[in-house]
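For reference, the structure is listed below as structure tokens.
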Amino acid sequence: MRAAAHVQLYAAGVQRGTGFDLHGRVACITGAAAGIGEASARMLAAAGASVVLGDIDVAGAQRVADAIVREGGDALATSVDIRRRADLDALVATAVERHGQLDIMCNIAGVGSYGALRDVTEAEFDRAIGTNVKGTLFGCQAALAAMIPHGRGSIVNVSATAIYIPAAGVGVYAATKAAVAMLTQTLAVEAGAHGIRVNALAPGFTVTNFVGGHLRDADGHRDEAEFTTYLERMRTMSPLGILGEADDQAYQVLYLASDASRFVTGTILRANGGQSIDW
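Per this note's numbering: the sequence shown = residues 4 to 282.
Put into structure tokens, the structure is as follows:
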């Protein structure tokens, strides 16, 4: 993360007693081993939250948890496959057993899907739906079961700017993220009476290990010159002329998770450098 933004939160005004203060709050974050999930876990921990990290890459999640603890935070890593409801129930149960409550659920784990719709296999479609849609719903269900008895909570899901910009080759991915947006808004209506807010982040192009997957061959290798050209093309899609970084998204997660957004629910927050503007 650039300039360790999570460490600089207090200098930026995230102090005890402000709307962004998460001391005394407990958060679960899926997809926490890398990318936006890792940045969000570090950001919430820096703001004072106790965090329970879930990822199918448990070694990666443990690396992030260890880093948070070294920085003075409270973190625990667990193995989670979000395609399995039982894993998400266990993630939330771990948070409740360890801390007595769950205040924040960040459903960040997801997968990409690339290729023309006419070529998409049933297996690929099921993988994308199972991870991005079912996994998000399962995370919300597990969180709601823990939050409703306490009458408060914030759930942050991850949609995508791709739902606003039809593009060849990402149709399945965009469809799953459109489903996440509607799940988010419907859950916001259903959970509001219980004092629970449900929002989604719709990231634009963000430089993480997740991007450029369609440029890799079967062995996972990519042409770096081709990748550089791809990044430059993505940069020009923003009126700001910049590429997003994981911390840019993590700041939005912090906002949606915290009381700074207490009057915000059912919102799909576009953090995309203006990529979805018709310009």
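The beta carbon of each residue, even a glycine, is placed where N, CA and C say it ideally should be.
Asked: For L272, count the other beta carbons within 10 Å of its own beta carbon; 16 or more makes it buried, fewer makes it exposed. Which is it?; Found: buried
Asked: Report yes or no: do the stretch 47 to 62 and the stretch 119 to 138 share at least 3 C-beta pairs separated by less than 8 Å?; Found: no
Asked: Whole angstroms are fine: how far does the CA of E127 sit from the CA of L79?; Found: 32 Å
Asked: Could you check the C-alpha separation between G269 and I85 for me, to the nearest Å?; Found: 22 Å
Asked: Under three-state DSSP, which class holds A14?; Found: The predicted model places A14 with a pLDDT of 44, which falls under 50 and marks its position as unreliable, so this point remains unresolved.
Asked: Can you give me the C-alpha to C-alpha distance between G16 and F208, rounded to a whole angstrom?; Found: With a pLDDT of 48 at G16, under the threshold of 50, the modelled position of this residue cannot be trusted; read the value that follows with caution. Taking the straight line joining both Cα atoms gives about 27 Å.
Asked: Just confirm the distance between the C-beta atoms of V211 and A249, as a whole number of angstroms; I'd bet it's less than 8 Å.; Found: Before going further, note that residue 211 is Thr rather than Val in the sequence given. Yes, they are in contact, since the Cβ atoms of T211 and A249 sit about 5 Å apart, within 8 Å.
Asked: Could you compute how far the alpha carbon of Q255 sits from the alpha carbon of A205?; Found: 10 Å
Asked: Express the C-alpha separation of A64 and E74 in angstroms, rounding to a whole number.; Found: 16 Å
Asked: So for R273, helix, strand or coil by DSSP?; Found: strand
Asked: Report the option in A191, A48, E229 and G113 whose CA atom is closest to the CA atom of T179.; Found: G113
Asked: Specify the secondary structure class of D92 as computed by DSSP and reduced to three states.; Found: helix
Asked: From what residue to what residue does the beta strand (DSSP E) around D283 run?; Found: Because the chain is modelled from 4 through 282, residue 283 falls outside the range shown and cannot be assessed.
Asked: Please go through the same chain and pick out, in chain order, the residues whose beta-carbon is closer than 6 Å to the beta-carbon of S82, but skip the five residues on each side of it.; Found: V61
Asked: Out of curiosity, what's the CA-to-CA distance linking A49 and T124?; Found: 42 Å
Asked: Does DSSP put L257 in a helix, a strand or coil?; Found: helix
Asked: Name the two residues that bound the continuous alpha helix (DSSP H) containing A263.; Found: Element bounds for A263: n/a, residue is neither H nor E.
Asked: Looking only at its chain, what residues have a beta carbon closer than 7 Å to the beta carbon of A36, apart from the 5 residues adjacent to it on each side?; Found: D58, D60, G63, A64 and V67
Asked: Compare the beta carbon distance of V201 and L190 with 8 Å and say whether it is the shorter of the two.; Found: yes
Asked: With 16 other CB atoms within 10 Å as the buried threshold, where does A6 fall?; Found: Note that A6 has pLDDT 47, beneath the 50 cutoff, so the model's placement of it is unreliable and the number below is only indicative. Result: exposed.
Asked: Since I111 contacts V175 with CB under 8 Å, what's their CB separation in whole angstroms?; Found: Incorrect: roughly 19 Å between the Cβ atoms, too far for contact.
Asked: List the whole-angstrom C-beta distance separating N172 from Y117, where the pair is believed to meet the contact cut-off of C-beta under 8 Å.; Found: Correcting the residue type first, residue 172 is Gly in the shown sequence and not Asn. Yes, they are in contact, since the Cβ atoms of G172 and Y117 sit about 6 Å apart, within 8 Å.
Asked: Which of helix, strand or coil does DSSP assign to A49?; Found: helix
Asked: Pull up the CB-CB distance for H197 and G247, whole angstroms please, since I reckon it's below 8 Å.; Found: Their Cβ separation, rounded to whole angstroms, is 33 Å, which puts H197 and G247 out of contact at 8 Å.
Asked: Relative to the alpha-carbon of Q144, which residue among I39, L47, R236 and E193 has its alpha-carbon at the smallest distance?; Found: E193
Asked: Between the alpha carbons of A170 and S43, how many angstroms are there, rounded?; Found: 28 Å
Asked: Report the partner residues of M108 according to the DSSP bridge assignment.; Found: C31 and I158
Asked: Tell me D58's beta-bridge partners as DSSP assigns them.; Found: S82
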